[in-house]
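Scroll down for the structure; my scribbles are underneath it.
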Amino acid sequence: MNQDWILQSRETRRFFANSTWVPLRASITVEHGHPLVTEIGHVNEYFGCGSVAFPPEQREVAERLGWSQIGISHSAKPYAYSDGHYSPVDQYQYNDKAPIGVELVFEHEQPVVGGRRWILNPDLVLALRLIKEGTNWVRPEEDFVVVAREEFDKAGDHCRIEIKREFLLDYLAARDLSLRLSYYRQRVENVVALEESDYAGLPEREETRDGGRFELRARSVNDIFGGSWASFRVWRTDVDPDEDAPVMGPERDDNTESEHGEGHRGGYRGFRVEGEYWRDEWIDHQRRSLRVRGDEDQTRPQFIVETDGTRMPSSALDNEDIGRWLWFRSAVVSELLGHRGFSLDWYTRETGAICSTSGYKTHFGINSSDLITVYAYDVAKLPTWEQHVWAAHNIVPEGKVSSELLESQVKAKPASTHAVEKLLFMSMRMLETGFQREYGIHLFSHDVDESAYMQQISRFASRDLATLLRLAKELIRVFSDRLNVRELRKLATHADKEKLGSNKLLQDVLAQKIGDEEARRVFGVIAGTYEMRVGDAHPTGSKIEDSLRLAGIDQDGSFLKQGEQLIHNFGRAIWFVGKSLLEPREH
């Protein structure tokens, strides 16, 4: 180590009032070198912190409270007085029965099972709407951002709970509280001799620095841990161990005996250099509580509302009767779906909704220019961070508002069309049910979570040739790769059925009903999609063009439309397989 390390120069310049994370409670020991505190080479670092939140009227009293009153030796526990008065765990008392502050971390000792647990104040958890994931507390409404986190020592006990300052200030503002921290840092190193160490010429000191108090001492290890010791033992002599129920009488000189021992412990080598720092610090809120109290957020974005690029602030659009729509690039859907907890739902062929962790469903429509159109209020009411995602894809109006969206929102007459994504899964379900009824076997080897797959099998996934090919791979995964090859092989009559893959086996079963040529035609799109899936690994391969044509893709259309077309053609092929396979044929 070195002089900067023992003096803690950099650490004392940092204030938690300016940090991203604020410790609510901490007791952390980090040891280096020799594990014994009496041996040369032993290096130890310790950080302890306690905190209590106070209302403005108690600030003057709280200013007098420091490490001894609210540091790590203080623990928040409930207490029942003998006169019937009860002090809840969240109340900090300066004097008995006189609560002046709020505890944000409770201590729960568990002597029966062993260990110690710290508990984050449930009021803070509920106010910020947090959920526990592992050692983190996250806020689902804000993209599952980590708000608070816990740390444990080697024994499994809590050693730190800290909270992101942004969220702490929000909570403190809602309750009009200020958080007072009291913390202590210690650094120790045992060296052979001061004059031969990195601390040579460093004088002992006690000084005020950066709003706290620092002390540096260098002492002989032997002076600290060595010295005389004495022991004194007293015992009773009037108890008969052979009695069934012995009773001890009052203690007297004639029924007690004692012994005394003393000695000296020493011989420790080296010097102990120790730097200590104490500081009390206030974390004051900024009178703004966006999450808990719902204050107006001044960081909300602006959106383009006119063809000339005119923008309006989100706050002006946050009105159900605003009467405006907004236009977005279709990539916004994929970006939103990339966030945990978001999902896509379809209503009609061109309309659907983005379901977010905030609980809102943002109804959208796809217009003739492949742009996403949304009623302005539906975006303006979203949490600010979601609005910024939308705003990044906001563009000048083009191609009018989605006709199906207007049918629903203006004429209150939703279109009777269906999204190709939903028709695909509907066709697979119908084929599976009919196949089970007709042949008495399961067509698929395993079930899938349709809602999860529908997030991946979407026209929005097609943004270029590479992603179009990946979409083909997902279609094959959800259909061809699930086909029950083992059972289909029993039904097949092809001479080489033992060598055939899943698609060819199902095609052979179909050919038994409608003939080889017709079966090949029906399976053409599925075969083309399979070839596209193979081309995903080599998107520049010469067979890609043939695969796209076989899958019925019009390459003159946008990639969004090509993705929609691919899903439509694949789903229609599955529907034709079911129709041809399961409907009785005329002779």
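Each residue of the sequence shown is one higher than the last, beginning at -18 in my numbering. Cβ atoms here follow ideal geometry from the backbone N, Cα and C, with glycine treated the same way.
Fewer than three beta-carbon pairs drawn from the stretch 102 to 120 and the stretch 309 to 329 are found closer than 8 Å, and the two stretches are therefore not classed as touching.
The three-state reading of DSSP puts T237 in strand, counting E and B together. Taking C-beta separations shorter than 6 Å and ignoring five residues to either side along the sequence, the partners of E188 in its chain run F195, following chain order. Distance from the CA of C30 to the CA of S68, rounded to the nearest whole angstrom, comes to 23 Å.
Burial check for Q546: the Cβ neighbour count within 10 Å reaches 16 or more, so the residue is buried.
Per DSSP, reduced to three states, the secondary structure at L(-12) is helical. Judged by beta-carbon spacing, V33 lies within the 8 Å limit of E84, meaning their Cβ atoms are closer than that value.
Exposure of L17 is indicated by the presence of fewer than 16 other C-beta atoms within 10 angstroms of its C-beta.
Listed in chain order, the non-local C-beta contacts of Q493 below 7 Å within the same chain comprise T474, local neighbours out to five positions each way being set aside. Across the structure, A155 and L317 are spaced so that their CA atoms are roughly 30 Å apart. Judged by their CB atoms, R470 and K480 are not nearer to each other than the 8 Å cut-off.
In the three-state reduction of the DSSP assignment, A334 falls in the strand class, which pools E and B. With a cutoff of 8 Å on beta-carbon distance, I142 and R6 are scored as near each other.
Each of G82, D124, P36 was checked against the Cα of Q50, and the nearest Cα belongs to G82. Excluding five sequence positions before and after A508, the CB atoms of its chain that fall closer than 7 Å to its own CB belong to N484, L531, given in chain order. Look at E188 here: in three-state DSSP terms it is strand. Contiguous alpha helix (DSSP H) elements confined to the stretch 147 to 235 occur at 202 to 206, taking only those with 4 or more residues.
The continuous beta strand (DSSP E) containing N117 extends over residues 117 to 120. Annotation for S(-10): no residue places its beta carbon closer than 7 Å to its own, counting only its chain and skipping 5 residues before and after.
Under DSSP, L325 shares a beta bridge with I335. Annotated three-state conformation of M293 is strand, per DSSP. Secondary structure of P103 (DSSP, three-state): helix.
An exposed status is given to M229, since fewer than 16 other beta-carbon atoms sit within 10 Å of its beta-carbon. Counting only the Cα atoms, G544 lies some 36 Å from T280. In the DSSP assignment, A129 falls within the beta strand (DSSP E) that extends over 126 to 133.
Here R440 has L541, G544, E545 as same chain residues with Cβ atoms under 6 Å from its own Cβ, once five neighbours each way along the sequence are excluded. Taking all protein chains shown into account, T332 has 16 or more neighbouring C-beta atoms within 10 Å of its C-beta and is therefore buried. A straight line joining the alpha-carbon of D265 with that of P4 spans about 14 Å. I205 and S54 have their C-alpha atoms some 23 Å from each other.
For G82, the enclosing beta strand (DSSP E) has its first and last residue at 79 to 83.
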